[in-house]
Structure formats: structure tokens, C-alpha cells
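Peer 1: Under this note's numbering, residues 32 to 253 are what the sequence shown spells out, in order.
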Amino acid sequence: VGLIATIGVKSVNVFRRVSVAVLSTGDELVEPHEATEGGQIRDSNRSMLMSCLSEFGSIVNAVDGGIAKDTSDDLDAKLQAALDRADVLITSGGVSMGEVDLLKGYLETKGKVLVGRINMKPGKPLTFATLQHNFRTKLIFATPGNPVSSLVTTHLFAVPALRVLAGLKEGLARPVTVRLEHRVRLDRQRPEYYRATVRWDSAEGCLVASGTGTQASSRLAS
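In C-alpha cells form, the structure reads like this:
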């Protein structure tokens, strides 16, 4: 603001921050601080996605949508509450082929599913839909329940959309060229997004990428 004042500009165009709700789904989930019982796991996806969105705090206002149980009534209540507070909703779980994966069916009934599956690894079940709520169109990125799939699809699909909604000219991250430190065996059927750490090699004057190990979509360390 000070710089704008020094060059004599009286007004500028601004964009409000995009409000994004993050919601997890599943009867098996409990809060990170709660003890687990038989068949339960702590909800890592919501914390992970909230942390991801915090990196874009200048353009995004992240809202915690909680956990929706695997019942139609609770799913509807949690989705409606999240949409009351957000322009965009990012969910995890509920979009595969299981009996209690209710989210995709909900979006097909209540909204309009534009993408129901994608040809990539990880993240094949990703669903993108729009839904009318309080006379406004809401965007919903329903990511898979496996944590790596959820994070990768959020970075590749949701984040670019948020950047555009926030008024930035470029939605996609700028690609860089790296040298692989070792051989990589990729999926022959689907484009695969391989997780790696990147460092600068001053001797060679280039970026060097090293894989993070086993690329299982359930392995957070990858």
C-alpha cells in the first residue's frame, strides 16, 4: 500500500480471498487428538490439506469442515454447513466404489458432476462437480481417501483453480527441468506423478530429483 501511495495511484483492483472448506468423510475417522478403537484411524487428510492451503494464505481462506460420517443425513448436513461458509469445497474419501462411498452419488443427485474419474496415478477416483447453494455456484473437488492421492490431486487440480479464482493470471505452477538421480519405473497404463525431493547441485549447475521411496498412495511419507 505504501508503494502504491508513493507512485500516486489512488485506487487499484483487488480480489477477495477465496474461501475454501476442507471436509473428510468416513466412519473410520476420528480427530487427531482422539484415541482410536477397533477399525478407526486418525484423520490425517484434513490436517494435511489445511496445511497445504495455508501456503496460499494470501489468496485463500481455509475453513475446517470437520468429518462427515457414512450416512446420507450426516453427509448432507456437513456438506451444507461447509458450503454455507465457502466458495469451494475440497473433500477426501467417499468417491470410490464401496457401499458406503456416498459422496459421488450425492453430487450426481444434488449437483452436476463434470469429471467423474481421471486417467492418472495417483488419484484416479477424483471427482469434480458444481452445486447450486443459496443461489450461488459452488465448486467441489472430491479427492480420493488415500492421503497421497488426495494431496496430489489437490495440488494439480484444486490449487490452480483457486489461483485463477483469486485473480492470478497463471493458475499452473511453473515447470522446471531436473536431472533424475536414479532410474524410475512408471506405470505403463496411466500418467504417473512421481513424488520426489529436489535439490540444487552446484557442481553440475542443475536441479537434481530423488524419489521418496515406495510410491503407494496410502504412504504419507511419499
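In this text, a Cβ means the ideal position worked out from N, Cα and C, and glycines have one as well.
These figures come from a predicted structure and were not determined experimentally.
Assuming residue 156 and residue 126 are in contact, meaning their beta carbons sit under 8 Å apart, how far apart are those beta carbons, in whole angstroms?
Peer 2: Position 125 of the sequence shown, counting from 1, holds the residue named residue 156. Position 95 of the sequence shown, counting from 1, holds the residue named residue 126. Rounded, the Cβ-Cβ distance is 5 Å, consistent with contact.
Peer 1: Output the boundary residues of the beta strand (DSSP E) element that contains residue 123.
Peer 2: Start at 1 with the first residue of the sequence shown, and residue 123 comes out as number 92. Taken as a continuous stretch (DSSP letters only), the beta strand (DSSP E) holding residue 123 covers 119-123.
Peer 1: Roughly how many whole angstroms lie between the Cα atoms of residue 93 and residue 53?
Peer 2: One-based indexing of the sequence shown puts residue 93 at position 62. One-based indexing of the sequence shown puts residue 53 at position 22. Going by the C-alpha atoms only, they are around 7 Å apart.
Peer 1: Relative to the C-alpha of residue 184, which residue among 225, 101, 136 is closest?
Peer 2: Along the sequence shown, one-based indexing puts residue 184 at 153. For the residues 225, 101, 136, the minimum Cα distance to residue 184 belongs to 225.
Peer 1: What's the gap between the Cα of residue 196 and the Cα of residue 97?
Peer 2: As a position in the sequence shown, residue 196 is number 165, starting the count at 1. As a position in the sequence shown, residue 97 is number 66, starting the count at 1. Each residue's alpha carbon lies about 24 Å from the other.
Peer 1: Say whether the segment 45-63 touches the segment 117-124, bearing in mind that this needs 3 or more beta-carbon pairs closer than 8 Å, one atom from each stretch.
Peer 2: Cβ pair count under 8 Å is three or more, so yes.
Peer 1: Roughly how many angstroms lie between the CA atoms of residue 212 and residue 231, to the nearest whole one?
Peer 2: As a working mapping, residue 212 is identified with position 181 in the sequence shown. As a working mapping, residue 231 is identified with position 200 in the sequence shown. In a straight line, the C-alpha of residue 212 is about 12 Å away from that of residue 231.
Peer 1: Can the beta-carbon of residue 193 be found closer than 8 Å to that of residue 119?
Peer 2: Counted from its first residue, the sequence shown places residue 193 at position 162. Counted from its first residue, the sequence shown places residue 119 at position 88. Yes, the pair counts as a contact, with Cβ atoms nearer than the cut-off.
Peer 1: Figure out for me which residue from 65, 174, 187 has the closest Cα to the Cα of residue 204.
Peer 2: Along the sequence shown, read from residue 1 onward, the residue named residue 204 stands at position 173. Here the closest residue by C-alpha is 187.
Peer 1: Do the CB positions of residue 84 and residue 74 come within less than 8 Å of each other?
Peer 2: Here the question's residue 84 lines up with position 53 in the sequence shown. Here the question's residue 74 lines up with position 43 in the sequence shown. Their beta carbons are not under 8 Å apart, which means residue 84 does not touch residue 74 by this criterion.
Peer 1: Taking the CB atoms as reference points, tell me whether residue 202 and residue 191 lie closer together than 8 Å.
Peer 2: Translated into the one-based positions of the sequence shown, residue 202 becomes position 171. Translated into the one-based positions of the sequence shown, residue 191 becomes position 160. In this structure, residue 191 lies closer than 8 Å to residue 202 by Cβ.
Peer 1: Where does residue 164 sit, in a helix, a strand or coil, going by DSSP?
Peer 2: By one-based count along the sequence shown, residue 164 stands at place 133. Strand.
Peer 1: May I ask you to report which of helix, strand or coil DSSP gives residue 233?
Peer 2: Mapped onto the sequence shown, residue 233 falls at position 202. Three-state DSSP puts residue 233 in coil, outside helix and strand.
Peer 1: In three-state terms, what does DSSP make of residue 251?
Peer 2: Numbered from its first residue, the sequence shown carries residue 251 at position 220. Residue 251 falls in the coil class under three-state DSSP.
Peer 1: So what does residue 197 bridge to, in DSSP terms?
Peer 2: Residue numbering aside, residue 197 sits at position 166 when the sequence shown is read from its first letter. Answer by DSSP bridge pairing: none, since residue 197 is not bridged.
Peer 1: Taking residue 209 as part of the beta strand (DSSP E), name the residues at either end of that continuous run.
Peer 2: The sequence position of residue 209 within the sequence shown is 178, counting from 1. Residue 209 -> beta strand (DSSP E) spans 209-211.
Peer 1: For residue 61, list the residues DSSP reports as bridge partners.
Peer 2: Position 30 of the sequence shown, counted from the start, is the residue given in the question as residue 61. Bridge partners of residue 61: 73.
Peer 1: Tell me the start and end of each unbroken beta strand (DSSP E) in the segment 147-191 that is at least 3 residues and wholly inside, in chain order.
Peer 2: Correct list: 158-164, 167-174.
Peer 1: Per the contact definition of three or more C-beta pairs closer than 8 Å, is the segment 159-177 in contact with the segment 104-120?
Peer 2: Flag = yes, the segment 104-120 and the segment 159-177 touch.
Peer 1: Give the range of the beta strand (DSSP E) segment to which residue 54 is assigned.
Peer 2: Position 23 of the sequence shown, counting from 1, holds the residue named residue 54. Here the beta strand (DSSP E) through residue 54 covers 49-56.
Peer 1: Round the Cβ separation of residue 134 and residue 173 to the nearest angstrom and send it over; I've been treating them as touching at under 8 Å.
Peer 2: Within the sequence shown, the letter at position 103 stands for residue 134. Within the sequence shown, the letter at position 142 stands for residue 173. Indeed they touch by this definition, with Cβ atoms about 6 Å apart.
Peer 1: Could you round the C-beta distance between residue 148 and residue 90 to whole angstroms and report it? I think they count as a contact, below 8 Å.
Peer 2: Here residue 148 is taken as the residue at index 117 of the sequence shown, counted from 1. Here residue 90 is taken as the residue at index 59 of the sequence shown, counted from 1. Actually they do not touch by this definition, with Cβ atoms about 29 Å apart.
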